[in-house]
Amino acid sequence: MRALILVASVAICFFGGLNAGYAQENLNEGFNDLSVRPIHASDIMFKKRVWRRMNLKEKQNASFFSNGRQITKMILDAAKQGIITPYETDTLGTPMSMEKLLENMTDPFLMEEEEEEGGEGDDEWGSGGDDDWGSGGDDWGGGGDDWATDDSGGGDDSGGGDEGLGAEEEAAEEQTGPSEDQMYLPNQLYVLELQEDAIFDKERSRMYWDILTVKIVVDGTERPDGVDFDVAVFSYKELVEKLFKDNPEAIWYNPENSAAHLNLQHAFDLRLFASRIIKVGNTDNAHIADIFGGDPKRTLYGSEWWEMKLMQYEHELWSY
Numbered sequence: 014m015r016a017l018i019l020v021a022s023v024a025i026c027f028f029g030g031l032n033a034g035y036a037q038e039n040l041n042e043g044f045n046d047l048s049v050r051p052i053h054a055s056d057i058m059f060k061k062r063v064w065r066r067m068n069l070k071e072k073q074n075a076s077f078f079s080n081g082r083q084i085t086k087m088i089l090d091a092a093k094q095g096i097i098t099p100y101e102t103d104t105l106g107t108p109m110s111m112e113k114l115l116e117n118m119t120d121p122f123l124m125e126e127e128e129e130e131g132g133e134g135d136d137e138w139g140s141g142g143d144d145d146w147g148s149g150g151d152d153w154g155g156g157g158d159d160w161a162t163d164d165s166g167g168g169d170d171s172g173g174g175d176e177g178l179g180a181e182e183e184a185a186e187e188q189t190g191p192s193e194d195q196m197y198l199p200n201q202l203y204v205l206e207l208q209e210d211a212i213f214d215k216e217r218s219r220m221y222w223d224i225l226t227v228k229i230v231v232d233g234t235e236r237p238d239g240v241d242f243d244v245a246v247f248s249y250k251e252l253v254e255k256l257f258k259d260n261p262e263a264i265w266y267n268p269e270n271s272a273a274h275l276n277l278q279h280a281f282d283l284r285l286f287a288s289r290i291i292k293v294g295n296t297d298n299a300h301i302a303d304i305f306g307g308d309p310k311r312t313l314y315g316s317e318w319w320e321m322k323l324m325q326y327e328h329e330l331w332s333y
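Written out as C-alpha cells, the structure is:
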C-alpha cells in the first residue's frame, strides 16, 4: 500500500512538472515569429541554420530576375516607399534609416565620376583667383568698383542678390541623399543571401526549409574595392505578407509557358532557385570560405559537402 502511494506521488509530480513545462512553452507560444509557416518547438527534432548565396544571373534563377520585374528592384522600391522595413543585419534587431538605405544604394563609380567632373577649377581660367581674368578687386573685376553697384542688378532691388542665392541654397539643402542617377541599376543588384533553417518536423515526419531573411548584396565586381557590399536585410515573412502576396507584379517568370507564371512566394516554396551554401551555424560563426582559408575550389567542395550531408541526414532517418 505504501509502495502504491509512493508510485502515485511520483507520477503526480512527474506529470505535474511536464504540464508546467508545456504551459510555460505555450505562454511563449513556442513558435518562431520570423517564420512564414512556424513549427512548434516541441515538434522540432532537428534544426540547422544555413546561409545561402543566390546569383540571379545564373540560368536557373533568371525567372526571378526578368526584365522590369527584378526581385531586387521590387524589394528596394517597396523599402523606399515604406511598405517594408530594411534592417542593418540578419538578426533584424536594428532597422535601417532611409538615409542609410539610399547611401547603400549609391554606385561609388558614378560618385567618383561626378567628383572628377566637378573638381575642375581654381586654374587660370577659373573665377576664384585674383589674376587679370578673375573677379577680385582689379580693373576688370566686379569687386568694389563702379561696375558692381546696386543699380546694375547686383543689389536687393533687382532680385539677383543675397535673397536669390539664399533660395538656391535652401533648395539644395532640402535635396538630401543621392539622386536616382547615382544609384545602382536593377541589373547590377543580382546577388541575394538567404538565411534559413533546415527543420525536421517529427509531427509530420519530413524536412522543411524555413526561409527567415533575405539580404541584397552588391557583388564585388560592381565596386571599386572589389569587395562584396551589403545593401540591406529584409524579413522574408514581411516580404511574403506585404509584397509578394496577391501582387500581380511579384512573379516568377515562366519562359516556357506564359500562362504558368508563379508568385515569388510559391517559387521559393517549391525551391525553384539555384544557390550554394556559404555558411552553416557554428561556434565561430565562420563562413565556409573562412574555414578553408579562402581557397575557392575547397570552398565549393565544402558547400557541396554540406548540401549532401543535410540531404543524407534526411534520407537516413528512414533507414531504420
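The numbers in the sequence shown follow our numbering, run straight up by one, and end at 333. Quick reminder that beta carbons are idealized off the backbone N, C-alpha and C, glycines included. It should be emphasised that the depicted structure is a prediction, and the values quoted were computed from it without experimental measurement.
Do you know whose CA, among Phe-242, Glu-206 and Leu-323, lies nearest Asp-120's CA?
Mapped onto the sequence shown, residue 120 falls at position 107. Nearest C-alpha to Asp-120: Phe-242.
Measure the C-alpha to C-alpha separation of Tyr-326 and Arg-50 and round it to an integer number of angstroms.
Residue numbering aside, residue 326 sits at position 313 when the sequence shown is read from its first letter. Residue numbering aside, residue 50 sits at position 37 when the sequence shown is read from its first letter. Cα to Cα, the separation comes out at about 22 Å.
Ranges of the beta strand (DSSP E) found wholly within the region 279-315, counting only runs of at least 3
289-293
So if DSSP puts Glu-206 in a beta bridge, which residue, or which two residues, is it bridged to?
Indexing the sequence shown from 1 puts residue 206 at position 193. In the DSSP output, where bridge partners are listed per residue, Glu-206 has Arg-66 and Lys-228.
Using DSSP with H/G/I as helix, E/B as strand and the rest coil, what is Ser-110?
Counting from one through the sequence shown, the residue named residue 110 turns up at place 97. Residue state, collapsed to three classes: coil.
Using a threshold of 8 Å, state whether the C-beta atoms of Met-220 and Ile-229 are closer than that.
Taking the sequence shown and counting its residues from 1, one reaches residue 220 at position 207. Taking the sequence shown and counting its residues from 1, one reaches residue 229 at position 216. Their beta carbons are not under 8 Å apart, which means Met-220 does not touch Ile-229 by this criterion.
Using three-state DSSP, classify Phe-122 as helix, strand or coil.
Numbered from its first residue, the sequence shown carries residue 122 at position 109. If DSSP states are grouped into helix, strand and coil, Phe-122 belongs with the helices.
Quick one: grab the DSSP three-state call for Tyr-326.
Translated into positions along the sequence shown, residue 326 becomes position 313. Here Tyr-326 sits in helix by DSSP.
Between the Cα of Arg-289 and those of Met-87, Leu-323, Leu-123 and Lys-250, spot the shortest distance and give me the residue it belongs to.
Counting from one through the sequence shown, the residue named residue 289 turns up at place 276. Answer by Cα proximity: Leu-323.
Looking only at its own chain, which residues have a Cβ that is under 6 Å from the Cβ of Gly-134, when we skip the five neighbours before and after it?
Taking the sequence shown and counting its residues from 1, one reaches residue 134 at position 121. Unreliable placement is indicated for Gly-134, whose pLDDT of 48 sits below 50; the coordinate value is still reported in the next sentence. Excluding sequence neighbours, Gly-134 sits near nothing in its chain.
Applying the criterion that 16 or more other CB atoms from any shown protein chain within 10 Å of the CB defines a buried residue, is Glu-116 buried or exposed?
Position 103 of the sequence shown, counted from the start, is the residue given in the question as residue 116. It is exposed - the Cβ of Glu-116 has fewer than 16 other Cβ atoms within 10 Å.
Between which two residues does the beta strand (DSSP E) holding Asp-243 run?
In the sequence shown, the residue the question calls residue 243 occupies position 230. Counting along the chain, the beta strand (DSSP E) containing Asp-243 begins and ends at 242-248.
Have a look at Met-321 and Gln-195 and give me their C-alpha separation to the nearest angstrom.
Residue numbering aside, residue 321 sits at position 308 when the sequence shown is read from its first letter. Residue numbering aside, residue 195 sits at position 182 when the sequence shown is read from its first letter. So the two alpha carbons sit approximately 43 Å from each other.
Under 7 Å Cβ to Cβ from His-274, same chain only, skipping five residues before and after it: list those, please.
For the purposes of this step, residue 274 is identified with residue 261 of the sequence shown, where counting begins at 1. The answer, listed in chain order, is Ile-264, Trp-265, Tyr-266 and Asn-267.
Euclidean distance between Cα positions of Arg-284 and Glu-254
As a position in the sequence shown, residue 284 is number 271, starting the count at 1. As a position in the sequence shown, residue 254 is number 241, starting the count at 1. Those two C-alpha atoms are separated by around 19 Å.
Under 8 Å by Cβ, that's how I've got Ala-245 and Leu-114 pegged, so tell me the actual separation to the nearest angstrom.
Working through the sequence shown from its first residue, we reach residue 245 at position 232. Working through the sequence shown from its first residue, we reach residue 114 at position 101. Confirmed, Cβ separation roughly 6 Å.
Whole angstroms is fine: what's the gap from Glu-329's alpha carbon to Leu-198's?
Translated into the one-based positions of the sequence shown, residue 329 becomes position 316. Translated into the one-based positions of the sequence shown, residue 198 becomes position 185. Distance between the alpha carbons of Glu-329 and Leu-198: 46 Å.
Ile-57 versus Ser-192: straight-line alpha-carbon distance, rounded
The residue labelled residue 57 in the question sits at position 44 within the sequence shown. The residue labelled residue 192 in the question sits at position 179 within the sequence shown. Near 48 Å, if we compare the C-alpha coordinates of Ser-192 and Ile-57.
Mind checking whether Phe-257 and Leu-277 have CB atoms under 8 Å apart?
Taking the first residue of the sequence shown as 1, we reach residue 257 at position 244. Taking the first residue of the sequence shown as 1, we reach residue 277 at position 264. Yes, they are a contact pair.
When DSSP builds the beta bridges, which residues end up paired with Tyr-100?
Stepping through the sequence shown from its first residue, residue 100 is reached at position 87. BP columns for Tyr-100 point to Pro-108 and Val-246.
Distance, Lys-61 Cα to Asp-297 Cα
For the purposes of this step, residue 297 is taken as residue 284 along the sequence shown, with counting starting at 1. For the purposes of this step, residue 61 is taken as residue 48 along the sequence shown, with counting starting at 1. Going from the Cα of Asp-297 to the Cα of Lys-61 covers about 15 Å.
The alpha helix (DSSP H) spanning Lys-93 covers which residue range?
As a first step, residue 93 must be located in the sequence shown, where it is residue number 80. 84-93 is the extent of the alpha helix (DSSP H) around Lys-93.
Residues near Asn-74 in its chain [Cβ-Cβ closer than 7 Å; skip 5 each side]:
Indexing the sequence shown from 1 puts residue 74 at position 61. Met-67, Asn-68, Phe-286 and Ala-287.
State buried or exposed for Ile-381, treating a residue as buried only when at least 16 other CB atoms are found within 10 Å of its CB.
Residue 381 cannot be examined here, being either before or after the span of the chain that is shown, 14 to 333.
Evaluate the contact criterion for the region 77-94 versus the region 203-210: three or more CB pairs, one atom per stretch, below 8 Å.
yes
Once the 5 residues before and after Val-208 are set aside, which same chain residues still bring their CB inside 6 Å of it?
One-based indexing of the sequence shown puts residue 208 at position 195. As written in the sequence, residue 208 is Gln, which differs from the Val given in the question. Excluding sequence neighbours, Gln-208 sits near Trp-64, Asp-103, Leu-225 and Thr-226.
Should Met-111 go down as buried or exposed, given a rule of 16 or more other Cβ atoms within 10 Å for buried?
Taking the sequence shown and counting its residues from 1, the one referred to as residue 111 is at position 98. Counting Cβ neighbours within 10 Å, Met-111 comes out exposed, since fewer than 16 surround it.
Glu-269 versus Gly-307: straight-line alpha-carbon distance, rounded
Residue mapping note: residue 269 aligns to position 256 of the sequence shown, counting from 1. Residue mapping note: residue 307 aligns to position 294 of the sequence shown, counting from 1. Near 39 Å, if we compare the C-alpha coordinates of Gly-307 and Glu-269.
DSSP-derived helix/strand/coil call for Asn-74:
As a working mapping, residue 74 is identified with position 61 in the sequence shown. Here Asn-74 sits in helix by DSSP.
Which residue wins for smallest C-alpha separation from Trp-331, given the options Lys-215, Ile-301, Ser-76 and Lys-310?
By 1-based counting over the sequence shown, the position of residue 331 is 318. Selected option, being the one with the closest Cα: Lys-215.
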